[in-house]
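Asks:
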Amino acid sequence: ILGYSEEPLVSMDYKGDPRSSIVDGPSTMVMGGNMVKVVVWYDNEWAYSVRIADLVKLMADKGL
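Under the numbering used here, read the sequence shown as residues 63 to 126, first letter to last.
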């Protein structure tokens, strides 16, 4: 569900990625000593669809 990348990628590189969020390692940083700026990429429609498919499979496996 959650990914991590050290690659210098842009938003189009994540199109069709099934993970809900991918943390952009090089863009994540500590600011002011006590705050962390976390940059995450995601393909909203595709990742959401994959999570719905996961939920349907889980429900089917449980006989719901």
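Note that the Cβ used here is the ideal one computed from N, Cα and C, for glycine as well.
Being a predicted model, the structure only gives us computed values, none of them experimental.
According to DSSP, is S83 helix, strand or coil?
Replies: DSSP, reduced to helix, strand and coil, places S83 within a strand of the structure shown.
Asks: Compute the beta-carbon to beta-carbon distance between T90 and K99, rounded to the nearest angstrom, for a pair I have assumed lies under 8 Å.
Replies: Contact holds; Cβ gap of about 7 Å.
Asks: Put Y104 into one of helix, strand or coil per three-state DSSP.
Replies: coil
Asks: Looking at the secondary structure, which residues open and close the beta strand (DSSP E) in which Y66 lies?
Replies: 64-67
Asks: Taking P70 as the reference, give the member of S83, D79, N106, G87 with the closest Cα.
Replies: G87
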